[in-house]
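Q:
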Amino acid sequence: MATVDEDGARSERRLPKQVIAFVGVLLAGMLIGWVVFRDDEAAPAPATTTVAGLRVAADARVYPKLGITLDLPKGWKTSFRGSVLTAVSRDETVSVALSIAGGADAGQTVRRTDRTELARLFRAREIGRSRAKVGTATTIVTELLGRARNRRPIRILSMGPSSRWRTYSVQSFTVLRPTAVRIAELRTLLASVRYRRPT
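Residue numbers (numbering that gives the first Met the number 0): 0 to 198.
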């Protein structure tokens, strides 16, 4: 995986929303990150799509308060913990936590803060960075290897995409070797995200 360094910029104070958001992220990570996706596979996803030869059926979901829409794979469940939207696969081997973390210009600060918090919460170490998309927004994805509460190893993808209005904290947690179906479902969900002004 290619390494991509972020622009050198002075550290800013941690965003208050990040502290709240990571309560939900911690809970999502306890349920169960190894999924690699690249720019060339992050095209917009229709309600039924094919990823790596696998068809993924999904339902369109709208979250006005977050300012996003996405395609939720069939069988996945969602919940809100505070301001954090969590989506979990039917076998609980993959989960995604998503929340608003700052203004449209806060991407670098959010990504830096997220990396620090994930390393602390999950005793995680960074194993790579790459540039990719979460829906229509380009971001830098950091891949980390950590441990869940039950001490089992997990892989985490940490992303901080920015829309015209907000920056989002997006964290994906998976078992070390998720099935091809779960990888396809996760890619479908992440590729389908669309942004609008939060209400």
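No residue lacks a Cβ here, since even glycine has one placed at the ideal position from N, Cα and C.
All of these numbers come straight from a predicted model, not from anything done at the bench.
(1) What's the C-alpha gap between ARG54 and ARG181?
(2) Measuring CB to CB, does THR173 end up less than 7 Å from VAL83?
(3) What's the gap between the Cα of ARG196 and the Cα of ALA179?
(4) Where in the segment 70–158 do unbroken runs of the alpha helix (DSSP H), each at least 4 residues long, occur, reported from the N-terminal end onward?
(5) Can you tell me the Cα-Cα spacing of ILE153 and LEU185, whole angstroms?
(6) So what does VAL61 bridge to, in DSSP terms?
(7) In the DSSP assignment, find the beta strand (DSSP E) that holds SER171 and state where it starts and stops.
(8) Can you list, in chain order, the residues of its chain with a C-beta nearer than 6 Å to that of GLY74? Leave out the 5 residues immediately preceding and following it.
(9) Buried or exposed: PHE121, going by 16 or more other Cβ atoms within 10 Å of its Cβ?
(10) Using the beta-carbon count (16 or more within 10 Å), is LEU175 buried or exposed?
(11) With distances taken between CB atoms, is the gap from VAL192 to MET158 smaller than 7 Å?
(12) Less than 6 Å between C-beta atoms, sequence neighbours within five positions excluded: which residues of the same chain meet that for ASP58?
(13) Check whether the Cβ atoms of ALA131 and VAL140 sit closer than 7 Å, and answer yes or no.
A: The structure says:
(1) 11 Å
(2) no
(3) 34 Å
(4) 106–120
(5) 15 Å
(6) THR68
(7) 165–173
(8) ARG89
(9) buried
(10) exposed
(11) no
(12) LEU71
(13) yes
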